[in-house]
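Chemist: Before I ask anything, here is the structure I am working with.
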Amino acid sequence: MELTISIILGFMIIGAIYALHAKDLLSAVIAMGIVGYGLVICFLLLKAPDLAIVQIVVETITLVIMVAVVLDSTRQELEPSFDRRALLNRITGFIIFAGLFYFFLLAIESLDPLGMHSLGMADSYVNGAVELTGSVNLVSGVLFDFRAYDTLGEAVILYTAALGALTLLRMKGKK
Amino acid sequence: MDALIPLFVAIPLISAFLIVILGKLIKSFHRILAPLSLLALLILAIYVFTGLGNSSISYALGGWTGNGGKPLGIYMVLDGFSILMLCIINLIGLIALLYSLAYISKYTAESNYFALFCLIVAGMNGVVLSGDLFNLFVFLEVSVISSYALVAFGVGKTELEASFKYQVLGGLASMLILLAIALIYWQSKTLNIVDIRVFFDAGYNRSFYVFVQVLLIAGFGMKAAIIPFHAWLPDAHSSAPSPISAMLSGVLIKAVGIYVLIRLFFNLFVFSYEIAMILTSLGAISMVVGSLLAIIQWDLKRLLAYSSISQVGYVVMAFGMGILLLVRGNNEAAAILAIAGGLYHMINHAVFKGLLFLNAGSIEHRLDTRDLKKMGGLSRVMPVTYTTSFMASMSISGIPPFNGFFSKLIIIIAAINGRFYLLATLAVLVSIITLGYFLKFQRFAFFNKAAGQAVKKIKEVPFPMSFSMIFLAVLCLALSLLALPSVRETILSPAIDVLIQAELHSKTIIGM
Amino acid sequence: MIVYILCFVLFLVGLYGVITRRNLIKIAISLSVMEFSIFLILALIGYIDGGLAPIVDPGTPAQVYVDPLPQAMVLTAIVIGLATTAMLMAIAIRLYRKYKTFDIREINKLRG
Amino acid sequence: MKGMSIIVQKVSQLMAGLIFIYGVYIILHGHLTPGGGFAGGAIIAGAFILLILAFGSSALNLKKEIAGSSNTESIAILMVVVLALMALLFGSKIFFFNYLPRGEPGELLSAGVIPLYNTFIGIEVAGAILTIFLALVIFKEESLK
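Chains as they are written, first to last, in our numbering: chain B, 2 to 176; chain Z, 370 to 881; chain X, 2 to 113; chain P, 14 to 158.
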């Protein structure tokens, strides 16, 4: 289990690195798609079919939008430049990364390893939840009953993004 | 009273949706509905404030109250601190909206503007009321995503660039926050803020604890624009439409940045000395560097934006000092004074920075420029703008009898009582620098006659704009009353009690 | 623990992209990559050995299910990610129309 | 925007119908099987996007479509809030209370208000995604003029 996911994750990391360095923006976007679809397989392995369905659809739509934008503008990646600022960015980046990585290792030492999770708050979302909400799909029960308020917020976010896109993409800003 | 709490989120949401549906059909529908809903929210906030007193209410959404002291669903928590924030948010929101009525007429797609405005208010109200870590994140995203769209509302070159930068850094901050929430859930198996506090009280792994706290400081520090994380603020706050700048600088960075930081570090985490040191020093650095960067600006709104960084530094420093003194445990009076000063300065800053951005908006509305060098001689032709901006400038620089003087004084006294002599000196120095750059603003905008050729044709701004400026200016004077101990007791004490007595607070909430 | 560490590596790859890339599209991709890594961390946290997918069959006796709460959180976060990406793309295409480039530093210079 | 060849059009017409029905199925069975409002809504939006890509559309039609999708999503999300507020007004006076009878678990008509929330969220998500997509397309069309 852990090994399978690690291998898929390895491919995802390679895909992500390729996406960041690709010369062609279209292939960068497609490489990001690889990362997203790899995530779908991980979700399926982790017994999360709801997430897999949502992720596969959302990933496809994201790809459609991104490809549309790239095809509409330019596929050419910028010329790489190695001036002082880029170098400085990289050096600070690596120092921060090394620090973050080290502290992450320390931080997760005491936490539950994979598969050893115990239910805290979620205990009531699983045991006896079907009687409480009537929903056989426990995730739906959490989303639309126990934590329906979160779902409202989430829908509002998508609504805001749609309204924002409408606002940002109008032709003239000022009269 | 309990049943009123969800209305703080429901009213602005419903009016936003109605504006989008009916705004196209009925002319100037949005101009009526949006101010009405904000007015209703303000009245609601004040009504709840008068009835709340020292108690706190927890409201279980969906009726999932939990069993055996373990929360089950999402809780909305209303206590002395959050109601104070609600009052500020809805007050400044109402004023900025009134101002927008006249200001926004030069833009297209007005109804979208008002709908997004309602959504930003709904998001902030949701953040302030939330008692659940993940729910807080969701509503934080509601308010910041609508602010991304509002910053770029003019769809000009600078606006779009500023909004992109804001989005990237905001997205980065959101990712750090989400990672921290995931780690906290991993460790404590719960999302309820009070429940997590109970878990951490029982004991915690030290390296985990510090890592999560640093992630949260970075994440919310980015939202609050504390100095190493401030890169987006000067662009975003200066290129947004002016009422939105007033909202962003006045309340958004406080509601989604400072409020959450304070809530987490007082009520979710157990106090720790290192984190208090980090907060205090970050606050002091922002205070000093922000003011030094502000003094070299010639763009009026950029000057105000950098000054926001500096003033937010005061607030963070005051709260950091409060935690430091509480950890040391030998001088609780000074700690209470520092926290009171921080709260007081936060309220004051919302009022006078909101007012200053509205002033800048008035000048921009009439002159179409933000460059101080191109202004001059406006004191004759725009008397209302001149008077109110003078009051706000004196207030932010800490000149008596305006409110800024008293809040800065309280912070400085607390620093001296707590033996932070260096910080006290810095606070005084920064106050003098602040006076310096606001005198620069006053001189170049209102007196210098150099560019004053075309000035004679300029008229004062229309009534809704001048009314909102006058209202805030009067509030600048009125808030000085908070310096009186008896007034402070009734208004600030409930909030301070909630912050200091976290265990007691947890008990009243978890008595569910 | 190796999976979690790899996840964090993916997170750092995204962070590296946000810090060093200049292309607006690449920055958006990097943010998405960071999001993906956090989704995976959350889904991994909720996994329980031998647990079933959280769909109850009403007839059968009680069994072990994986934790549905992180899954609900990821679902919310996926939609938030979609919203963020959509907004970023809207701004990116507008910026391209104004400046004819995706270079964030070039845009910064041209803005003046 | 120009459409594609007649073969693509016919095939995508057929496919879009199937995808649409599948999306409705996912939404309605959200409380029984994996999926729900979000997945189903995104699938329905996908069906519409497929049709728009295959058939193309004039700028005038696109304007009408975007007004329709924007109104649909607004009404749907308004209904979600109204459903939640109805719980506040009637019954137990609690925001987001599940006030309908739970029914027999596993049946299509069960779980109280959950299917209703699922439906409205599904419509809202479909409308929102379609609005974003159409906004991008319209912007492209108009800026080329």
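Where a beta carbon is used, it is the ideal one built from N, C-alpha and C, also for glycine.
Keep in mind it's a predicted model, so treat the numbers as computed, not measured.
Among L519/Z, L455/Z, V583/Z, I665/Z, which one has its Cα closest to the Cα of A549/Z?
Modeler: The shortest C-alpha separation from A549/Z is found at V583/Z.
Chemist: Taking beta-carbon pairs under 7 Å, can you tell me which members of the stretch 33-50 of chain X lie near chain Z?
Modeler: Those would be M35, E36, I39, I42, L43, I46, in chain order.
Chemist: What is the DSSP secondary structure of Y112/P, reduced to helix, strand or coil?
Modeler: Three-state result, Y112/P: coil.
Chemist: With a cut-off of 8 Å, does the C-beta of I3/X fall near any C-beta of chain Z?
Modeler: No, I3/X lies away from the interface with chain Z (no Cβ there is under 8 Å from its Cβ).
Chemist: Within 8 Å of any Cβ in chain P, is that where the Cβ of L382/Z sits?
Modeler: Interface residue, yes.
Chemist: Can A703/Z and L712/Z be called in contact, C-beta distance under 8 Å?
Modeler: No, Cβ-Cβ distance for A703/Z and L712/Z is not below 8 Å.
Chemist: If you follow the beta strand (DSSP E) that L447/Z is part of, which residue opens it and which one closes it?
Modeler: Its beta strand (DSSP E) spans residues 444-447.
Chemist: From the beta carbon of R23/X, is the nearest beta carbon of chain P less than 8 Å away?
Modeler: Not an interface residue.
Chemist: Determine which residues of the stretch 73-89 of chain P have a Cβ less than 7 Å from any Cβ of chain X, and write them out in chain order.
Modeler: Flagged: no residues at all.
Chemist: Within 8 Å of any Cβ in chain B, is that where the Cβ of A593/Z sits?
Modeler: Chain B, which has no Cβ nearer than 8 Å to the Cβ of A593/Z, makes this no.
Chemist: Does chain Z have any CB closer than 8 Å to the CB of N111/P?
Modeler: Yes, N111/P counts as interfacial toward chain Z.
Chemist: Roughly how many angstroms lie between the CA atoms of T86/X and T63/B, to the nearest whole one?
Modeler: If you take the alpha carbons of T86/X and T63/B, they lie about 7 Å apart.
Chemist: Which residues does DSSP pair with S427/Z in a beta bridge?
Modeler: In the DSSP output, where bridge partners are listed per residue, S427/Z has V446/Z.
Chemist: Can you give me the Cβ contacts of A141/P inside the same chain, cut-off strictly under 7 Å, excluding the 5 residues immediately before and after it?
Modeler: Within the same chain, A141/P has close Cβ partners E86.
Chemist: Tell me the rounded alpha-carbon separation between I134/P and L91/P.
Modeler: For I134/P and L91/P, the distance between alpha carbons rounds to 10 Å.
Chemist: Can you grab the Cα-Cα spacing for the pair I18/B / S28/B, in whole Å?
Modeler: Approximately 12 Å between the Cα atoms of the pair.
Chemist: How should F103/P be labelled, buried or exposed, when 16 other C-beta atoms within 10 angstroms of its C-beta is the threshold for buried?
Modeler: F103/P is exposed by the Cβ-count criterion.
Chemist: Determine the burial state of P769/Z: buried for a count of at least 16 other Cβ atoms within 10 Å of its Cβ, exposed for fewer.
Modeler: Exposed is the call here.
Chemist: Using a beta-carbon distance cut-off of less than 9 Å, what residues from the stretch 486-505 of chain Z approach chain X?
Modeler: Against chain X - using a Cβ distance shorter than 9 Å - the residues of the stretch 486-505 of chain Z are F503.
Chemist: Can you tell me the Cα-Cα spacing of S427/Z and L447/Z, whole angstroms?
Modeler: Answer to the nearest angstrom: the Cα atoms are 6 Å apart.
Chemist: Counting only runs of 4+ residues fully inside the stretch 679-727 of chain Z, write out the alpha helix (DSSP H) ranges in chain order.
Modeler: If we require 4 residues or more, the stretch 679-727 of chain Z turns out to have no alpha helix (DSSP H) run fully inside it.
Chemist: List, in chain order, every chain Z residue whose beta-carbon is nearer than 8 Å to that of K106/P.
Modeler: Neighbours of K106/P on chain Z, chain order: A372.
Chemist: Scan the stretch 596-634 of chain Z and note each continuous alpha helix (DSSP H) run of 4 residues or more that stays entirely inside, going in chain order.
Modeler: Qualifying alpha helix (DSSP H) stretches, in chain order: 602-608, 611-616, 628-632.
Chemist: Going by DSSP in three states, Q77/B sits in which element: helix, strand or coil?
Modeler: In this structure, Q77/B counts as strand in the three-state DSSP scheme.
Chemist: Mind checking Q666/Z: buried by the 16 CB within 10 Å criterion, or exposed?
Modeler: Q666/Z comes out buried.
Chemist: Pull out every residue of the stretch 27-38 of chain P whose Cβ sits closer than 8 Å to any Cβ of chain X, in chain order.
Modeler: Listed by position, the residues of the stretch 27-38 of chain P near chain X (Cβ gap below 8 Å) amount to none.
Chemist: Applying a beta-carbon distance threshold of less than 8 Å, which residues of chain X neighbour L541/Z?
Modeler: Result: L16, V19, L32, M35.
Chemist: When DSSP labels each residue in this structure, what does M122/B get in the three-state scheme?
Modeler: The answer is coil: DSSP assigns M122/B none of H, G, I, E or B.
Chemist: Compute the beta-carbon to beta-carbon distance between H399/Z and F483/Z, rounded to the nearest angstrom, for a pair I have assumed lies under 8 Å.
Modeler: About 4 Å; that satisfies the 8 Å criterion.
Chemist: Between L113/P, F61/P, S123/P, V21/P, which has its C-alpha nearest H44/P's C-alpha?
Modeler: Comparing Cα positions, the closest option is S123/P.
Chemist: Under three-state DSSP, which class holds S116/B?
Modeler: What sits at residue 116/B in the sequence shown is Gly, not Ser. In the structure shown, G116/B sits in a strand (DSSP, three-state: E or B).
Chemist: Taking D146/B as part of the alpha helix (DSSP H), name the residues at either end of that continuous run.
Modeler: Neither: D146/B is in no alpha helix (DSSP H) and is coded neither H nor E.
Chemist: What are the start and end residues of the alpha helix (DSSP H) that includes F104/B?
Modeler: 85-109 is the extent of the alpha helix (DSSP H) around F104/B.
Chemist: According to a CB-to-CB cut-off of less than 8 Å, which residues of the stretch 377-410 of chain Z neighbour chain P?
Modeler: So the list reads A379, L382, I383, F386, L387, V389, I390, K393, given in the order they occur along the chain.
Chemist: So which residues of chain P does D151/B contact, with C-beta pairs closer than 8 Å?
Modeler: Those do not exist, as D151/B stays about 10 Å from chain P at its closest Cβ, beyond 8 Å.
Chemist: Using 8 Å as the cut-off, can you tell me whether the stretch 15-22 of chain X makes contact with the stretch 89-98 of chain X, which would need three or more C-beta pairs spanning the two stretches below that distance?
Modeler: Not touching, per the Cβ criterion.
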